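Going down the list, the protein sequences come from chains G and F.
Just so we're aligned: the first sequence equals residues 1 to 390 in our numbering.
Just so we're aligned: the second sequence equals residues 391 to 780 in our numbering.
Read the structure below first, then the notes.
There are 2 protein chains.
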Amino acid sequence: MQQLQELRQKIGELDSELLAIFAKRRQLSQQVAENKYAHNRNIRDHEQEKRLLEVLTQQGLKIGIPENTTLSLFHNIIEDSVRSQYDYFLKQANRYRKSIDIALLGEAHSYSHMAAQNHFTNTVQSLNTTFCSSFMDVFKQVADGHVELGLVPIENTTSGNIIEVFDLLIEHDLKIVGEEKLKVKHCLIGTHNATLESIKDVYSHPQAIAQCKNFFSRNPKINSHYRNSTSSALSMVKEYQNPSIAAIASEMAAQKSGLKIIDYGINNYQENYTRFLLISRTDIQVPKTVPAKTSILLHTHQETGSLLECLHVLKQHKVNMSKLESRPIPTKPWQEMFYIDFDGNISHANIQKVLEKLAAVTTHLQVLGCYPKHDVIATHLNSDSINYKL
Amino acid sequence: MQQLQELRQKIGELDSELLAIFAKRRQLSQQVAENKYAHNRNIRDHEQEKRLLEVLTQQGLKIGIPENTTLSLFHNIIEDSVRSQYDYFLKQANRYRKSIDIALLGEAHSYSHMAAQNHFTNTVQSLNTTFCSSFMDVFKQVADGHVELGLVPIENTTSGNIIEVFDLLIEHDLKIVGEEKLKVKHCLIGTHNATLESIKDVYSHPQAIAQCKNFFSRNPKINSHYRNSTSSALSMVKEYQNPSIAAIASEMAAQKSGLKIIDYGINNYQENYTRFLLISRTDIQVPKTVPAKTSILLHTHQETGSLLECLHVLKQHKVNMSKLESRPIPTKPWQEMFYIDFDGNISHANIQKVLEKLAAVTTHLQVLGCYPKHDVIATHLNSDSINYKL
Numbered sequence: 001m002q003q004l005q006e007l008r009q010k011i012g013e014l015d016s017e018l019l020a021i022f023a024k025r026r027q028l029s030q031q032v033a034e035n036k037y038a039h040n041r042n043i044r045d046h047e048q049e050k051r052l053l054e055v056l057t058q059q060g061l062k063i064g065i066p067e068n069t070t071l072s073l074f075h076n077i078i079e080d081s082v083r084s085q086y087d088y089f090l091k092q093a094n095r096y097r098k099s100i101d102i103a104l105l106g107e108a109h110s111y112s113h114m115a116a117q118n119h120f121t122n123t124v125q126s127l128n129t130t131f132c133s134s135f136m137d138v139f140k141q142v143a144d145g146h147v148e149l150g151l152v153p154i155e156n157t158t159s160g161n162i163i164e165v166f167d168l169l170i171e172h173d174l175k176i177v178g179e180e181k182l183k184v185k186h187c188l189i190g191t192h193n194a195t196l197e198s199i200k201d202v203y204s205h206p207q208a209i210a211q212c213k214n215f216f217s218r219n220p221k222i223n224s225h226y227r228n229s230t231s232s233a234l235s236m237v238k239e240y241q242n243p244s245i246a247a248i249a250s251e252m253a254a255q256k257s258g259l260k261i262i263d264y265g266i267n268n269y270q271e272n273y274t275r276f277l278l279i280s281r282t283d284i285q286v287p288k289t290v291p292a293k294t295s296i297l298l299h300t301h302q303e304t305g306s307l308l309e310c311l312h313v314l315k316q317h318k319v320n321m322s323k324l325e326s327r328p329i330p331t332k333p334w335q336e337m338f339y340i341d342f343d344g345n346i347s348h349a350n351i352q353k354v355l356e357k358l359a360a361v362t363t364h365l366q367v368l369g370c371y372p373k374h375d376v377i378a379t380h381l382n383s384d385s386i387n388y389k390l
Numbered sequence: 391m392q393q394l395q396e397l398r399q400k401i402g403e404l405d406s407e408l409l410a411i412f413a414k415r416r417q418l419s420q421q422v423a424e425n426k427y428a429h430n431r432n433i434r435d436h437e438q439e440k441r442l443l444e445v446l447t448q449q450g451l452k453i454g455i456p457e458n459t460t461l462s463l464f465h466n467i468i469e470d471s472v473r474s475q476y477d478y479f480l481k482q483a484n485r486y487r488k489s490i491d492i493a494l495l496g497e498a499h500s501y502s503h504m505a506a507q508n509h510f511t512n513t514v515q516s517l518n519t520t521f522c523s524s525f526m527d528v529f530k531q532v533a534d535g536h537v538e539l540g541l542v543p544i545e546n547t548t549s550g551n552i553i554e555v556f557d558l559l560i561e562h563d564l565k566i567v568g569e570e571k572l573k574v575k576h577c578l579i580g581t582h583n584a585t586l587e588s589i590k591d592v593y594s595h596p597q598a599i600a601q602c603k604n605f606f607s608r609n610p611k612i613n614s615h616y617r618n619s620t621s622s623a624l625s626m627v628k629e630y631q632n633p634s635i636a637a638i639a640s641e642m643a644a645q646k647s648g649l650k651i652i653d654y655g656i657n658n659y660q661e662n663y664t665r666f667l668l669i670s671r672t673d674i675q676v677p678k679t680v681p682a683k684t685s686i687l688l689h690t691h692q693e694t695g696s697l698l699e700c701l702h703v704l705k706q707h708k709v710n711m712s713k714l715e716s717r718p719i720p721t722k723p724w725q726e727m728f729y730i731d732f733d734g735n736i737s738h739a740n741i742q743k744v745l746e747k748l749a750a751v752t753t754h755l756q757v758l759g760c761y762p763k764h765d766v767i768a769t770h771l772n773s774d775s776i777n778y779k780l
């Protein structure tokens with residue numbers, strides 16, 4: 001045991017050293033961002049990253065670290081570096097304030113709250129959050145000018161698109177100014193005397209319940225009930241103090257509520273991600289050097305092949321479409337409108353040309369927003385010929 | 391530019407330092423594994439990890455690193471450390487040889503090949519691979535004693551279960567001795583004069599085509615065709631040298647083939663994972679201190695509620711089921727058998743009790759294997775009450 005304690009102490013010391021070097025690296029990376037911004041240079045230089053990764057994997061092999069292990073460690077470090085540099089570019093282009101007013105669903109430590117905190121980690125010192133009880137309320141808070149930004153989930157890898165939010169986006173004249181992705185792990189949360197056996201009714205947001213469908217199949221005696229948010233489900237459990245009822249919410253929310261986590265990670269798939277959108281009354285300026293996404297809304301002519309014509313325009317201009325969702329037009333039953341996300345910045349000539357051509361073949365074209373892309377694509381070794389989409 | 395070069399050089403130097411410290415940490419972690427194995431101690435000590443992460447996030451905040459960033463970096467480092475320790479325990483319990491004969495689908499750098507290489511990174515010096523043209527051939531190679539191990543994909547997060555492999559598992563009297571998960575990014579690969587516009591026909595394994603369904607929706611003029619493996623599709627493109635045909639395969643395979651990557655990451659979802667199983671004629675010994683999974687096959691009585699009875703046994707013993715798949719029994723049409731994965735080691739008394747009870751309520755019970763679990767669950771801060779499933 002003595003020996004184990006000593007080894008652990010040495011590991012702790014190495015970890016502190018490692019963290020100190022990492023902090024220095026982050027400062028240098030910040031200086032690189034300043035230099036690149038001043039000279040209007042691209043943030044990503046895949047050739048440079050590739051050379052660095054090649055040197056590091058070789059060095060690693062010499063000291064016994066497998067290639068995959070070195071790559072995994074440095075992909076993580078480079079992703080942090082790239083994201084901080086993007087954030088610096090955005091800050092410069094938009095003069096971010098120290099604090100931002102933001103509306104979102106639920107209460108403190110809801111999934112929306114966690115996504116907002118992650119999104120502004122590098123750019124904003126404090127978030128003034130207005131907690132809402134419905135997605136509609138989030139939109140209303142922003143539209144009425146009570147807050148600067150709203151954050152809403154738009155899709156989940158397990159449960160799919162959140163149609164309600166698509167429809168709210170279509171109904172409101174707001175702009176999409178950002179996106180964020182959050183890995184979601186659902187916990188089953190009850191009172192301190194609750195067990196899996198004592199629970200009869202579980203409350204949560206419909207999305208969370210859909211993402212835990214298999215849990216309910218495995219436990220056929222437990223009934224699921226919808227609530228407006230995971231936070232309101234949690235408040236209910238706390239109020240009633242009844243071991244037969246439980247909520248599905250995040251680990252962090254469980255902790256802060258003082259309730260007990262009965263089961264951890266009950267989502268169907270371990271890889272469960274939710275994508276959130278930031279909405280605002282005004283556009284954001286995305287510097288040309290930061291990879292961007294654009295979201296648009298189209299009404300096509302009532303002819304077969306109209307949508308295909310639009311998709312051809314994107315293809316002709318080599319624009320990558322990442323999302324396509326059709327919705328009925330409320331005032332024109334049996335006609336469809338299309339929501340499309342594609343990679344590209346509306347200030348680029350190529351994307352402007354695309355929008356012109358789309359306007360010519362549709363009855364209505366609306367840009368919902370152009371905003372920085374969340375994903376940082378890792379640079380791979382041995383990949384001279386890759387056509388990076390950034 | 392001068393300044394950028396200097397900054398990059400300094401970053402490179404810090405990265406080398408970081409890597410050297412990481413190598414030292416890995417050596418100490420190896421000593422920890424030896425100590426724990428000698429004293430029959432558990433590998434994971436979540437309380438210890440939590441204390442370490444708390445200290446590190448506090449230290450990080452003082453030098454300007456956001457909490458999430460520190461956690462993400464050290465979750466990566468701890469995962470590597472835990473996995474190496476598990477591998478050490480397995481090696482001790484099973485006296486791994488320096489080289490292993492393994493059969494798998496495709497050719498060098500196929501997804502199966504990459505999964506095998508990742509799986510044995512820490513434990514085996516060289517893999518002697520026998521490349522097969524079908525999953526059935528992989529099973530045959532193992533069953534006939536030509537190789538010690540086989541590796542086959544069993545499910546994918548986008549395209550679901552690979553029924554063919556389930557059925558092969560059921561037909562052959564082989565043991566599952568391991569699992570591996572691989573993040574799969576599909577590339578569209580053609581000849582050097584091929585472009586997205588010139589391509590009319592795309593060849594690949596049915597699973598890869600299913601995982602890129604949206605690509606085909608976006609490009610309605612491109613037809614998809616099945617081949618036995620991504621590797622054989624690639625060989626075809628190389629042989630014909632025709633700009634109208636392309637293959638879907640991994641980036642690494644594209645590189646090694648000397649063909650051109652026309653589009654990168656064309657899978658529907660960025661988070662696209664395949665789970666592989668290792669099969670063998672003989673069991674593996676999983677030390678009780680290593681988290682394990684058990685796979686079983688059940689035939690239930692022909693009565694409603696028979697399966698439910700089995701699931702109740704698992705629940706009574708607080709055993710977490712991670713997979714349930716039903717298949718028709720070939721010799722008994724309209725009767726179903728069930729394939730079940732659950733967390734637990736068959737050498738634990740609790741799991742032995744579960745198996746006894748299951749045998750009493752089924753007409754057939756077969757243990758397909760007990761093997762180390764691939765996932766390393768990250769220790770979270772602020773989580774005293776978590777009921778870890780390991």
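Beta carbons are placed, not taken as given, at the ideal position from N, Cα and C, and that holds for glycine.
Keep in mind it's a predicted model, so treat the numbers as computed, not measured.
Short CB-CB distance (under 8 angstroms) between residue i and chain F
i: Lys10(G); result: yes
i: Asp173(G); result: no
i: Thr289(G); result: no
i: Glu54(G); result: no
i: Ala23(G); result: yes
i: Leu390(G); result: Any reading at Leu390(G) must be qualified, since the residue scores a pLDDT of 26, below 50, and its modelled position is unreliable; the value itself is stated next. False, the Cβ-Cβ gap to chain F never drops below 8 angstroms.
i: Gly64(G); result: yes
i: Ser72(G); result: yes
i: Ser383(G); result: Residue placement at Ser383(G) is flagged as unreliable, the pLDDT there being 45, under the threshold of 50; a coordinate-derived value is accordingly withheld.
i: Gln366(G); result: no
i: Asn68(G); result: yes
i: Asp283(G); result: no
i: Met337(G); result: no
CB contact check: residue i to chain G, cutoff 8 angstroms
i: Gln531(F); result: no
i: Thr769(F); result: no
i: Val422(F); result: yes
i: Asp405(F); result: yes
i: Tyr663(F); result: yes
i: Asp527(F); result: no
Boundaries of the alpha helix (DSSP H) in which residue i is found, first to last residue
i: Ser516(F); result: Unbroken run through Ser516(F) is the beta strand (DSSP E), 516-522; no alpha helix (DSSP H).
i: Asn214(G); result: 213-218
i: Glu54(G); result: 46-62
i: Ser231(G); result: 230-240
i: Tyr501(F); result: 501-509
i: Asn458(F); result: 457-484
i: Leu558(F); result: 553-561
i: Asn740(F); result: 739-751
Sub-8 angstroms separation of residue i and residue j beta-carbons
i: Glu179(G); j: Leu277(G); result: yes
i: Lys50(G); j: Thr289(G); result: no
i: Ala17(G); j: Glu661(F); result: Note that residue 17(G) corresponds to Glu in the displayed sequence, not to Ala. Result no, Cβ atoms of Glu17(G) and Glu661(F) do not sit closer than 8 angstroms.
i: Tyr761(F); j: Ile544(F); result: no
i: Leu572(F); j: Tyr501(F); result: yes
i: Asn161(G); j: Glu54(G); result: no
i: Asp731(F); j: Ser685(F); result: yes
i: Glu781(F); j: Phe525(F); result: For chain F, the structure presents residues 391 to 780; residue 781(F) sits outside this window and is missing.
i: Lys10(G); j: Leu418(F); result: yes
Residues that DSSP places opposite residue i in a beta bridge
i: Cys760(F); result: Thr684(F)
i: Ala103(G); result: Thr130(G), Gly150(G)
i: Phe732(F); result: Thr684(F), Met711(F)
Amino acids of chain B, ordered along the chain, whose beta-carbon sits closer than 8 angstroms to that of residue i
i: Ser29(G); result: Reference to chain B is not applicable here, since the protein chains of this structure are G and F.
Residue i: first and last residue of the uninterrupted beta strand (DSSP E) it sits in
i: Leu277(G); result: 273-280
Check whether the segment 599-608 of chain F and the segment 654-664 of chain F touch, using three or more Cβ-Cβ pairs below 8 angstroms as the test.
Counting Cβ pairs under 8 angstroms, three or more are found: they touch.
Inter-stretch contact at 8 angstroms, needing at least 3 Cβ pairs: the segment 614-621 of chain F / the segment 495-507 of chain F
These segments touch.
Do the segment 60-67 of chain G and the segment 247-255 of chain G meet, that is, are 3 or more Cβ pairs less than 8 angstroms apart?
The segment 60-67 of chain G is not in contact with the segment 247-255 of chain G.
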